[in-house]
Amino acid sequence: QELLDEIAKFPAEMQQTDALVRLKENAEQMIKTDIGQPFIDIAQPNADGEQVSLESVVRNPANKYVLLDFWASWCGPCMGEVPHL
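Read in order, the letters of the sequence shown are residues 1 to 85 in full-length UniProt numbering.
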């Protein structure tokens, strides 16, 4: 929030520059995803190709714990961990 307050102090025309617009968007996203905030629901296909939402997994009483592992195919260490999941 402090960053957004500082951005608001800039003149209006300066706030419209690409750099400050991106900075403001990033700051807003950080606020939405900060510790203690509700998660943002996403949906991804499962192994059978069916769309599954994060909320449906988290809210399922059969799931005591939910592990989210974010990785990228270009990340060697990430791919090295896949067999251990």
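Here a beta-carbon is modelled for each residue, glycine too, at the ideal position from N, C-alpha and C.
Neighbourhood of residue i by C-beta distance below 8 Å, restricted to the same chain and skipping five residues each side
i	result
F10	L20
P77	none
M79	W71, S73
Bridge-paired residues (DSSP) for residue i
i	result
Q51	P45
Pair within 8 Å by beta-carbon distance, residue i and residue j
i	j	result
S53	D41	yes
I7	Q16	no
A62	Q51	no
Rounded C-alpha distance that separates residue i from residue j
i	j	result
G49	S56	16 Å
P45	E2	37 Å
V66	A12	44 Å
Three-state secondary structure (DSSP) of residue i
i	result
S56	helix
G36	coil
C75	coil
L68	coil
N26	helix
Q15	helix
P61	coil
6 Å Cβ shell around residue i - same chain, five flanking residues per side excluded
i	result
G36	none
C75	none
Proximal residues to residue i (C-beta, below 7 Å), its chain only, five neighbours per side dropped
i	result
K32	I40
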